[in-house]
Amino acid sequence: MDKKQSQDFLETALKRQTQAPPADDAAVERVLKRLSDPLPRQKMPLWRLPGVLLDWQFAPAWPRMAALACCAALGFVIGIAGVDRRFDAGVVPFAIASHSDIGSIVFEPEALTGARP
Amino acid sequence: MDDSDEALMARIARGDERAFRALASRHLPVMLGLARRILGNAADAEDVAQEAMLRVWTHAPRWQPLALFRTWLTRVVVNLCLDRKRRAPWVALEVAGEIVDPALGASEKAERDERERLVAAAIAELPARQRAAIVLTYGDGMSNAQVAEILDTSVSAVETLLVRGKQNLRRALSA
């Protein structure tokens, strides 16, 4: 085989050996099946962030607004009508100092001048 | 509805899984074939094709239609193949070729098959980038410019890869 024939053989063999094989349907099905699992999260580019924010629905939903207004009105009524005082009835509203506490109330003289408060 | 690759990619970028499945079904057969020819291993080729399609999904929002989708996907597949070849050298099992049936008796056929087997074995021994360049040029009939775009290199570098690849093949075949 001379050089020209050798070159031709190599070119032909390369084309034959590297040509696309017939589609392997079973392999395609296997890969597609593996791809049917939950897909991973997509990577969002930073330059799309303003668009995402613009797409965001900032408008409040009316049922939520109504619920919020009801809660506010209920709080106002409870505050005005004093309904909450019944819950506080069992608690003494002011502090009591007993005789035993007196000993703990010590006023230290001021270190430099000796003045007492 | 526009079902071009670019239109499907725009839908995938918005999280449309049906568009993704349509695009995967369209390109998987070719990408599997390409990966198999570069890697020489069907199981690895399936892994690479799956990984490439997952990259299509995850990178779709960032994808810019600067080049044809197919060119971009081919580049992804080739890069994944080169990474895999770099990590774990492939043991050439599939290049052993079919055993020649002695019943056929044709010595010419046996000789031709033997030469083909030698060529296949020599291709399998080529460095990964030379092999990828040869597969894309001879197998897929791409121009040097297209191969250069996929391999992310210059046209002259592709020409060098092809020349060196063929030199290596001749050396291997003459040994």
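Chain order of the listed sequences is A and B.
Oh and the first sequence: position 117 is 116 in numbering that gives the first Met the number 0, straight run, nothing missing.
Oh and the second sequence: position 18 is 17 in numbering that gives the first Met the number 0, straight run, nothing missing.
The beta-carbon is built from N, C-alpha and C at its ideal position, and this holds for glycine as well.
These numbers come from a predicted model, not from an experiment.
Original post:
For T112(A), is the classification buried or exposed, using 16 other Cβ atoms within 10 angstroms of its Cβ as the cut-off for buried?
Top reply: exposed
key: Rounded separation between M42(A) and D36(A) - CA only   = The sequence shown places Lys at residue 42(A), not Met. If you take the alpha carbons of K42(A) and D36(A), they lie about 18 angstroms apart.
task: List the whole-angstrom C-beta distance separating V76(B) from A34(B), where the pair is believed to meet the contact cut-off of C-beta under 8 angstroms.
output: 6 angstroms
Interface partners of A59(B) on chain A, CB under 8 angstroms:
Q41
Of the residues D4(B), D46(B), I11(B), N167(B), which one's Cα is nearest the Cα of R130(B)?
N167(B)
Less than 6 angstroms between C-beta atoms, sequence neighbours within five positions excluded: which residues of the same chain meet that for K84(B)? A127
- Closer than 7 angstroms at the beta carbon, the chain A residues around R128(B): Ordered by position in chain A, no residue passes the 7 angstroms Cβ test against R128(B), which lies about 15 angstroms from the chain.
Q. Roughly how many whole angstroms lie between the Cα atoms of G140(B) and K32(A)?
A. 31 angstroms
- Task: Would you verify that the beta carbon of L27(B) is, or is not, closer than 7 angstroms to some beta carbon of chain A?
- Result: yes
**Asked** How do the stretch 65 to 72 of chain A and the stretch 30 to 45 of chain B stand: do at least 3 beta-carbon pairs fall below 8 angstroms, yes or no?
**Response** no
- Kindly list, in the order they appear in chain B, the residues whose Cβ is closer than 8 angstroms to that of A12(A). R114, E115, V118
Would you kindly check if the distance between the Cβ of E50(B) and the Cβ of L79(B) is under 7 angstroms? yes
Open item on the list: Just to make sure I have the definition right: I need the residues of chain A whose C-beta is within less than 7 angstroms of the C-beta of K165(B). Which are they?
Closed with: L9
>> Just to confirm before moving on: does the CB-CB distance between V146(B) and A123(B) stay below 7 angstroms?
In response: no
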